[in-house]
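Colleague: Before I ask anything, let me first share the structure, which is written out below as structure tokens.
In this note's numbering, the protein residues as written are 50 to 514.
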């Protein structure tokens with residue numbers, strides 16, 4: 050879209066192009082608003098981190114489409130409180146959870162299709178609805194719906210400034226087709242993600258170690274709009290060192306590796322640092338509730354690297370990575386290939402094996418098959434690593450999105466210390482820190498984006514009207 054073709058009347062400007070942004074744009078348009086979406090990425094990379102998603106976590110009182118059984122509000126909230134250790138805005142969390150059930154039908158009506166849950170370590174058939182074709186298919190459906198409804202969309206159009214004057218956004222500065230444009234929308238929805246792709250900002254929060262992190266999501270989420278609004282006094286929420294960070298294959302690219310680089314082997318392995326020593330309980334809980342702690346755990350180790358070691362009995366128990374594991378006929382040979390101290394790794398594995406006890410192994414449930422006399426313990430799925438060939442993956446912290454964001458109320462409206470910003474709403478990762486103060490629950494980022502994107506779009510359209 051050339052600057053000269055920007056419509057004179059813009060009721061709602063949506064900044065961003067991912068799930069939350071499109072939910073907001075579609076919802077605002079369905080309320081009759083004239084909507085413009087400015088997506089910083091080119092069309093081929095549109096959609097932010099939503100491109101890499103597979104599912105969203107959904108409350109339901111009985112079987113619902115591809116979802117099995119039921120997943121009630123109480124259990125959902127308990128799961129969230131456990132992974133966040135209570136660091137959540139309870140009101141906003143309950144809104145996200147209660148609203149998630151209606152999202153399933155809303156998404157289907159707008160072209161999203163679902164499929165049965167995939168098999169593998171993430172056992173989510175009851176709790177998470179999987180998108181047929183993944184996140185790109187979901188985004189394609191939303192973009193088709195938005196375009197057919199009359200939403201205007203401009204790619205390669207980063208917003209550099211949202212001018213806050215008093216309690217209103219009075220204008221937006223953007224680069225569209227290489228030219229600077231000034232836009233005066235009646236309402237704005239900020240849905241432009243976190244700041245994780247700005248490595249210098251990460252390093253200020255984490256220290257120099259952050260430069261060793263891999264960014265498994267989009268390179269376009271650099272936090273420009275977030276920083277701009279915080280600098281103008283819009284209230285923040287969350288800790289800049291908290292984020293959704295998982296352990297990913299150390300061979301993954303610096304940016305945009307996506308979900309295929311995530312490693313789900315931890316529960317069926319021992320994980321050691323570069324010194325060949327274990328440092329945490331690999332079997333603490335079911336993987337959907339604990340996989341997101343491993344990015345931070347690896348980040349705290351020397352040189353921000355760790356290694357998952359397992360044998361032939363575990364190699365088929367999890368969804369494989371994009372890259373095959375390193376293979377060897379002995380632990381010592383594997384250590385050499387991975388660059389680990391062979392004698393120490395062999396001692397670590399031997400000590401672990403000696404601590405394992407007989408019992409029933411169940412890879413999909415908490416089986417209580419725990420080590421005895423080992424520190425740190427492994428509290429589930431503890432079986433000796435003794436059947437060659439042996440395998441190993443190098444692990445690096447893979448950051449998906451950061452939790453420092455904009456504080457919002459139950460209507461997704463942003464605020465300053467003086468009170469609400471009259472015409473500014475936020476949705477998705479840019480406000481997810483309100484609910485995710487720590488930790489992560491599989492599929493919950495998409496739930497937050499969908500629920501609060503819909504709310505923000507409706508509220509912005511009603512204000513503009």
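Where is the CB? At the ideal position from N, CA and C, for every residue including glycine.
(1) Identify the residues that DSSP records as bridge partners of residue 441: which are they?
(2) What does DSSP give as the partner residues of residue 223 in its beta bridges?
(3) So, using beta-carbon positions, are residue 459 and residue 62 closer together than 9 Å?
(4) Buried or exposed for residue 339, please, with buried defined as at least 16 other CB atoms from any protein chain shown within 10 angstroms of its CB.
(5) Quick check on residue 139: buried or exposed, where buried means 16 or more other Cβ atoms within 10 Å of its Cβ?
(6) Where does residue 245 sit, in a helix, a strand or coil, going by DSSP?
(7) Does residue 101 pass the burial test, meaning 16 or more other C-beta atoms within 10 Å, or should it be called exposed?
(8) Taking the C-alpha atoms as reference points, what is the distance between residue 210 and residue 274?
(9) Rounded to whole angstroms, how far is the Cβ of residue 430 from the Cβ of residue 317, which I believe are closer than 8 Å?
(10) On the DSSP bridge list, what partners appear for residue 515?
(11) Quick check: the segment 498-507 against the segment 247-264, are there 3 or more CB pairs under 8 Å?
(12) With a CB to CB cut of under 6 Å and the five nearest residues on each side skipped, what residues in its chain are close to residue 406?
(13) Which class does residue 292 belong to by DSSP, given the choice of helix, strand or coil?
(14) Since residue 472 contacts residue 294 with CB under 8 Å, what's their CB separation in whole angstroms?
(15) Does DSSP classify residue 411 as helix, strand or coil?
(16) DSSP three-state call for residue 434: helix, strand or coil?
(17) Taking just the CA atoms, how far does residue 375 sit from residue 403?
(18) Tell me where the alpha helix (DSSP H) around residue 418 begins and ends.
(19) For the segment 62-71 and the segment 225-243, state whether three or more C-beta atom pairs, one from each stretch, are separated by less than 8 Å.
(20) Classify residue 123: buried if its beta carbon has 16 or more other beta carbons within 10 angstroms, exposed otherwise.
(21) Helix, strand or coil: which one does DSSP assign to residue 366?
(22) Just list the residues that DSSP pairs residue 463 with in beta bridges.
(23) Could you give the DSSP three-state label for residue 59: helix, strand or coil?
(24) Evaluate residue 85 with the Cβ neighbour count: other Cβ atoms within 10 Å of its Cβ, from every protein chain shown; 16 or more gives buried, anything less gives exposed.
(25) When you compare the segment 276-287 with the segment 338-354, are there three or more beta-carbon pairs, one atom per stretch, that lie closer than 8 Å?
(26) Around the Cβ of residue 197, are there at least 16 other Cβ atoms within 10 angstroms (buried) or fewer (exposed)?
(27) Does the contact criterion of 3 or more C-beta pairs under 8 Å hold for the segment 112-120 versus the segment 159-167?
(28) Spatial neighbours of residue 206 within its chain, please: CB distance less than 7 Å, with the 5 preceding and 5 following residues excluded, ordered by chain position.
(29) According to DSSP, residue 203 sits in a beta bridge with which residue or residues?
(30) Could you tell me whether the segment 152-160 touches the segment 105-114, where touching means 3 or more Cβ pairs closer than 8 Å?
(31) Name the DSSP beta bridge partners of residue 311, please?
(32) Work out the CA separation of residue 462 and residue 286 for me, nearest whole Å.
(33) Residues in the same chain with beta-carbon distance under 6 Å from residue 217, minus the five sequence neighbours each way, listed in chain order, please.
(34) Have a look at residue 390 and residue 192 and give me their C-alpha separation to the nearest angstrom.
(35) Taking C-alpha atoms, which residue in 132, 131, 486, 312 lies nearest to residue 371?
(36) Determine whether the beta carbon atoms of residue 432 and residue 361 lie at a separation below 9 Å.
Modeller: Once the coordinates are examined:
(1) 358, 375
(2) 208, 230
(3) no
(4) buried
(5) exposed
(6) coil
(7) buried
(8) 7 Å
(9) 6 Å
(10) With the chain covering 50 to 514 only, the question about residue 515 has no answer from this structure.
(11) no
(12) 421
(13) strand
(14) Actually they are not in contact, since the Cβ atoms of residue 472 and residue 294 sit about 34 Å apart, beyond 8 Å.
(15) coil
(16) coil
(17) 24 Å
(18) Where residue 418 is concerned, there is no enclosing alpha helix (DSSP H), given that its DSSP letter is neither H nor E.
(19) yes
(20) exposed
(21) coil
(22) 457
(23) coil
(24) buried
(25) no
(26) exposed
(27) yes
(28) 87, 88, 89, 223, 224, 225
(29) 87
(30) yes
(31) 297
(32) 13 Å
(33) 471, 472
(34) 51 Å
(35) 312
(36) no
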